[in-house]
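S.K.: Encoded as structure tokens, here's the structure I'll be asking about.
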Amino acid sequence: MKIELLNKNITDIKTDVLVEFLTADELLQHVEVRILNKAGFKAEQDTTCFLHEKGMLFCGIESKKSDDLRSASSCMIKALKESNYESVKINVFSKKTLSALVDGIVLGGYEYTEYKSKPKEITLKEISLACDSPDFAKFEMIFNEALTIANATCFTRDIVNTIPQDLHPQTLAALAQKLAKDNQLGCEILQETDLEKENMHAMLAVGRASIHGSALIHLTYKPANSKKIVSLVGKGLTYDSGGLSLKPAASMVTMKMDKAGACAVLGMIKAASELKLDVEIHAFIGAVENMIGANAYKPDDVLVSRNKTTIEVRNTDAEGRLVLADVLSYAQDKVKADYIFDFATLTGACMVALGQYTTGIMGHSHTLKHDISKAGSNSGELTGSLPFNKHLKKLLKSEIADISNVSSKPYGGAITAGLFLDKFINDDMKNKWLHFDIAGSAYTETPWDCNVYGATGAGVRLMSEYLKNI
Ligand code: BES
Ligand code: ZN
Ligand code: ZN
Numbered sequence: 030m031k032i033e034l035l036n037k038n039i040t041d042i043k044t045d046v047l048v049e050f051l052t053a054d055e056l057l058q059h060v061e062v063r064i065l066n067k068a069g070f071k072a073e074q075d076t077t078c079f080l081h082e083k084g085m086l087f088c089g090i091e092s093k094k095s096d097d098l099r100s101a102s103s104c105m106i107k108a109l110k111e112s113n114y115e116s117v118k119i120n121v122f123s124k125k126t127l128s129a130l131v132d133g134i135v136l137g138g139y140e141y142t143e144y145k146s147k148p149k150e151i152t153l154k155e156i157s158l159a160c161d162s163p164d165f166a167k168f169e170m171i172f173n174e175a176l177t178i179a180n181a182t183c184f185t186r187d188i189v190n191t192i193p194q195d196l197h198p199q200t201l202a203a204l205a206q207k208l209a210k211d212n213q214l215g216c217e218i219l220q221e222t223d224l225e226k227e228n229m230h231a232m233l234a235v236g237r238a239s240i241h242g243s244a245l246i247h248l249t250y251k252p253a254n255s256k257k258i259v260s261l262v263g264k265g266l267t268y269d270s271g272g273l274s275l276k277p278a279a280s281m282v283t284m285k286m287d288k289a290g291a292c293a294v295l296g297m298i299k300a301a302s303e304l305k306l307d308v309e310i311h312a313f314i315g316a317v318e319n320m321i322g323a324n325a326y327k328p329d330d331v332l333v334s335r336n337k338t339t340i341e342v343r344n345t346d347a348e349g350r351l352v353l354a355d356v357l358s359y360a361q362d363k364v365k366a367d368y369i370f371d372f373a374t375l376t377g378a379c380m381v382a383l384g385q386y387t388t389g390i391m392g393h394s395h396t397l398k399h400d401i402s403k404a405g406s407n408s409g410e411l412t413g414s415l416p417f418n419k420h421l422k423k424l425l426k427s428e429i430a431d432i433s434n435v436s437s438k439p440y441g442g443a444i445t446a447g448l449f450l451d452k453f454i455n456d457d458m459k460n461k462w463l464h465f466d467i468a469g470s471a472y473t474e475t476p477w478d479c480n481v482y483g484a485t486g487a488g489v490r491l492m493s494e495y496l497k498n499i
């Protein structure tokens, strides 16, 4: 499917279909109002109606705002993919909403067909966006940026959607190496022998029962005149069975997505390098598989982490924080960054707190949280701030080690997980660090907004927007 922005009046473009977005008020004024009424079209948000004889597709919107347009254009592209049309034209009505239109088309039109033996054929080949504004150059810049970020989001989705048999720590490392080669990034892979030398015993314990060796992946994007340095850390659990604290059967399904933090971080560095942003970026990924076996780590074990903090394991399913503890420690020692952000499908509790659609944000700096949530709303990602407090922090106390890997009480699980990570953030980085819990937002089994079944690519649009304006 090709999508292009043309500096033409829409009437000068020849396609099979013309798309119009209409509010209920606009529908009343429309020349086709009678026939659309007969077809039962009321211009409600996310409804569509073809007038085949006229070669037109109408899409209902509540308002002309980005959020409504993103969702409506996702419905539009799905309707077109079901049809047998080959080409379509759409008028671009503002700079402000152009990114949302691109997101809706690219992300809403995304499908993962890798494991289908006969994927259904899509006849739609060409999407032309018409823009005859004198300010075309600016529109074109916005269009190209949005397309780069949407494609990076699809790149992230593809990796998350890949099954654990095909995507394990070693294949994830190989994939990162390929990305580094394609995008001229620095790449260093630490294998288990290297991780031992680094004393990363928390991370190593989690991966011990897997047949696939754990790996730490470090990618670097270093532009000539960088203004800031940002470290991005990703949880890369290529499968989370829960370990000996085994997950119930129903909860284990979808746990291939426990690598979504890592995949998001890969998408972010891909987008940043393709946008040629003036920011030095380091991506650190802990790639591990959490399995069971005779040599599995156990509830009751005490692990000595890289920064020497001892951790009592009370639940092997709270494994992501153990991996991140060591990777965060390594990242802070390796790179003196202006900001460090970690992305992780860390807790089911985050979904209980914020719902499935919202990324949980935790950290000490209110300014940073504010700036990030603004980047979220500007790029169409939902965020919610979850506040730390000293009472929840006490719940991580261990009688036998420095900290327990789970809270002693059942409430506030997303925050206690964030507070666990805080233990591994150096004092000078406290106000430069944020933790993103994407447990709910990274994956969906029911479509919403521009997200289709499977991985959403959560984090990529948000962080790209933030990095663009840093
Ligand atoms: N990967 C899971 C969190 C998760 C759950 C992500 C559902 C996406 C959907 C994580 O490793 C985990 O199992 N967390 C436990 C923590 C608990 C044992 C303290 C959880 O959330 O139940
Ligand atoms: Zn787990
Ligand atoms: Zn996990």
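Here the sequence shown is numbered in this note's numbering, starting from 30 and rising by one per residue.
C-beta atoms are modelled at their ideal positions from N, C-alpha and C, and glycine is treated no differently.
Is the Cβ-Cβ distance between residue 315 and residue 355 less than 8 Å?
M.R.: Within the sequence shown, residue 315 is the residue found at index 286, counting from 1. Within the sequence shown, residue 355 is the residue found at index 326, counting from 1. A contact, by the Cβ cut-off of 8 Å.
S.K.: Within its chain, find whatever has a CB closer than 7 Å to the CB of residue 134; leave out the 5 residues flanking it on each side and keep chain order.
M.R.: As a working mapping, residue 134 is identified with position 105 in the sequence shown. Excluding positions up to five away in sequence, the list reads 32, 102, 106, 156.
S.K.: Would you kindly report the start and end of the unbroken beta strand (DSSP E) that includes residue 257?
M.R.: Position 228 of the sequence shown, counting from 1, holds the residue named residue 257. Per DSSP, the unbroken beta strand (DSSP E) holding residue 257 starts and ends at 257-269.
S.K.: Could you please go through the chain and list the residues whose beta-carbon is closer than 5 Å to any non-hydrogen atom of ligand 1?
M.R.: 269, 287, 344, 346, 347, 349, 374, 376, 377, 435, 468
S.K.: Pull up the CB-CB distance for residue 336 and residue 453, whole angstroms please, since I reckon it's below 8 Å.
M.R.: Numbered from its first residue, the sequence shown carries residue 336 at position 307. Numbered from its first residue, the sequence shown carries residue 453 at position 424. The C-beta separation of residue 336 from residue 453 comes to about 6 Å, placing the pair in contact by the 8 Å criterion.
S.K.: Output needed for residue 481: all residues of its chain with C-beta closer than 6 Å, excluding positions within five of it in sequence on either side, in chain order.
M.R.: Within the sequence shown, the letter at position 452 stands for residue 481. Closer than 6 Å at Cβ, skipping near neighbours: 139.
S.K.: Whose C-alpha, out of 128, 281, 381, is nearest the C-alpha of residue 96?
M.R.: Taking the first residue of the sequence shown as 1, we reach residue 96 at position 67. For residue 96, the nearest C-alpha among the options comes from 128.
S.K.: Where do the N-terminal and C-terminal ends of the beta strand (DSSP E) with residue 342 fall, by residue?
M.R.: Counting from 1 along the sequence shown, the entry for residue 342 is found at position 313. Looking at the DSSP string, residue 342 is not in any beta strand (DSSP E), and its letter there is neither H nor E.
S.K.: Report buried or exposed for residue 193, applying the criterion of at least 16 other Cβ atoms within 10 angstroms of its Cβ.
M.R.: For the purposes of this step, residue 193 is taken as residue 164 along the sequence shown, with counting starting at 1. Under this definition residue 193 is a buried residue.
S.K.: Enumerate in chain order the residues of its own chain whose CB-to-CB distance from residue 426 is below 8 Å, with the five nearest sequence positions on each side excluded.
M.R.: If you number the sequence shown from 1, residue 426 lands on position 397. Within the same chain, residue 426 has close Cβ partners 432, 433, 437.
S.K.: Taking contact to mean at least 3 C-beta pairs separated by less than 8 Å, is the region 204-214 in contact with the region 234-243?
M.R.: The answer is no - the region 234-243 does not touch the region 204-214, with fewer than three Cβ pairs under 8 Å.
S.K.: Rounded to whole angstroms, how far is the Cβ of residue 379 from the Cβ of residue 389, which I believe are closer than 8 Å?
M.R.: In the sequence shown, residue 379 corresponds to position 350, counting from 1. In the sequence shown, residue 389 corresponds to position 360, counting from 1. Confirmed, about 4 Å.
S.K.: Measuring alpha carbon to alpha carbon, tell me which of 39, 79, 122, 58 ends up nearest residue 109.
M.R.: Here the question's residue 109 lines up with position 80 in the sequence shown. Nearest option by C-alpha distance: 79.
S.K.: Suppose you measure from the CA of residue 302 to the CA of residue 250; what does that come to, to the nearest Å?
M.R.: Within the sequence shown, residue 302 is the residue found at index 273, counting from 1. Within the sequence shown, residue 250 is the residue found at index 221, counting from 1. Approximately 7 Å between the Cα atoms of the pair.
S.K.: Roughly how many angstroms lie between the CA atoms of residue 489 and residue 495, to the nearest whole one?
M.R.: One-based indexing of the sequence shown puts residue 489 at position 460. One-based indexing of the sequence shown puts residue 495 at position 466. Their backbone Cα atoms lie some 10 Å apart in a straight line.
S.K.: Between which two residues does the beta strand (DSSP E) harbouring residue 309 extend?
M.R.: As a first step, residue 309 is located in the sequence shown; it is residue number 280 there, counting from the start. Where residue 309 is concerned, the enclosing beta strand (DSSP E) stretches over 308-319.
S.K.: Which value, in whole angstroms, describes the spacing of the CA atoms of residue 253 and residue 360?
M.R.: Reading the sequence shown from its first residue, position 224 is the one you call residue 253. Reading the sequence shown from its first residue, position 331 is the one you call residue 360. Pairing residue 253 with residue 360, the inter-Cα distance amounts to about 22 Å.
S.K.: Taking only the alpha-carbon atoms, compute the straight-line gap between residue 261 and residue 440 and give it to the nearest angstrom.
M.R.: Along the sequence shown, read from residue 1 onward, the residue named residue 261 stands at position 232. Along the sequence shown, read from residue 1 onward, the residue named residue 440 stands at position 411. Residue 261 and residue 440 have their C-alpha atoms some 28 Å from each other.
S.K.: Could you say which of 347, 365, 364, 422 lies nearest to residue 374 if we only look at CA atoms?
M.R.: Along the sequence shown, read from residue 1 onward, the residue named residue 374 stands at position 345. It is 347 whose Cα lies nearest to the Cα of residue 374.
S.K.: Start and end of the alpha helix (DSSP H) containing residue 116?
M.R.: Sequence index remark: in the sequence shown, residue 116 carries index 87 (1-based). Unbroken run through residue 116 is the beta strand (DSSP E), 116-120; no alpha helix (DSSP H).
S.K.: Check the DSSP bridge columns for residue 156 and list the partner residues they point to.
M.R.: Looking up residue 156 in the sequence shown gives position 127. The partner list for residue 156 (beta bridge, DSSP) reads 32, 117.
S.K.: Closer than 8 Å is the cut-off here; do at least three beta carbon pairs connect the region 61-76 with the region 171-190?
M.R.: no
S.K.: List the endpoints of the continuous alpha helix (DSSP H) containing residue 368.
M.R.: Here residue 368 corresponds to residue number 339 of the sequence shown, with the count starting at 1. Element bounds for residue 368: not the alpha helix (DSSP H) but the beta strand (DSSP E), 368-373.
S.K.: Between residue 228 and the rest of its own chain, which residues show a CB-CB distance below 6 Å, the 5 nearest in sequence each way excluded?
M.R.: Here residue 228 is taken as the residue at index 199 of the sequence shown, counted from 1. Result list for residue 228: 335, in chain order.
S.K.: So is the beta-carbon of residue 266 under 7 Å away from any non-hydrogen atom of ligand 3?
M.R.: Translated into positions along the sequence shown, residue 266 becomes position 237. Checking every heavy atom of ligand 3 against the Cβ of residue 266, one is found closer than 7 Å.
S.K.: Nearest CA to the CA of residue 284: which residue from 328, 268, 143, 367?
M.R.: Position 255 of the sequence shown, counted from the first residue, corresponds to residue 284. Of the candidates 328, 268, 143, 367, the one whose C-alpha sits nearest the C-alpha of residue 284 is 268.
S.K.: For residue 274 versus residue 281, is the C-beta spacing smaller than 8 Å?
M.R.: Position 245 of the sequence shown holds residue 274. Position 252 of the sequence shown holds residue 281. No.
S.K.: What's the call for residue 259, buried or exposed, on a 16-neighbour Cβ count within 10 Å?
M.R.: As a first step, residue 259 must be located in the sequence shown, where it is residue number 230. So residue 259 counts as buried.
S.K.: Tell me which residue opens and which closes the beta strand (DSSP E) that residue 250 is part of.
M.R.: On the sequence shown, residue 250 is found 221 positions in, with the first residue counted as 1. Unbroken beta strand (DSSP E) run through residue 250: 244-250.
S.K.: In the DSSP assignment, find the alpha helix (DSSP H) that holds residue 183 and state where it starts and stops.
M.R.: The sequence position of residue 183 within the sequence shown is 154, counting from 1. Here the alpha helix (DSSP H) through residue 183 covers 165-190.
S.K.: For the alpha helix (DSSP H) holding residue 302, just list the boundary residues, first then last.
M.R.: On the sequence shown, position 273 is the one that residue 302 refers to. From DSSP, the alpha helix (DSSP H) with residue 302 extends over 289-303.
S.K.: Run the proximity test for residue 319: is its beta-carbon closer than 7 Å to any non-hydrogen atom belonging to ligand 4?
M.R.: Ligands displayed in this structure: ligand 1, ligand 2 and ligand 3; ligand 4 is not among them.
S.K.: So residue 72 and residue 89 are supposed to be a Cβ contact under 8 Å. How far apart are they, rounded?
M.R.: On the sequence shown, position 43 is the one that residue 72 refers to. On the sequence shown, position 60 is the one that residue 89 refers to. The Cβ separation is near 4 Å, so the contact holds.
S.K.: With a threshold of 6 Å on Cβ separation, who are the neighbours of residue 287 within its own chain once the five nearest residues in sequence on each side are excluded?
M.R.: The sequence position of residue 287 within the sequence shown is 258, counting from 1. Taken in chain order, the residues that qualify are 266, 269, 374.
S.K.: Let me make sure I understand the geometry here. Which of 77, 342, 169, 462 has the alpha-carbon closest to that of residue 365?
M.R.: Within the sequence shown, numbered from 1, the residue matching residue 365 stands at position 336. Minimum Cα-Cα distance from residue 365 among the listed residues 77, 342, 169, 462 corresponds to 462.
S.K.: Would you tell me roughly how many angstroms separate the C-alpha atoms of residue 55 and residue 46, rounded to the nearest one?
M.R.: Here residue 55 is taken as the residue at index 26 of the sequence shown, counted from 1. Here residue 46 is taken as the residue at index 17 of the sequence shown, counted from 1. Computed Cα separation, rounded: 20 Å.
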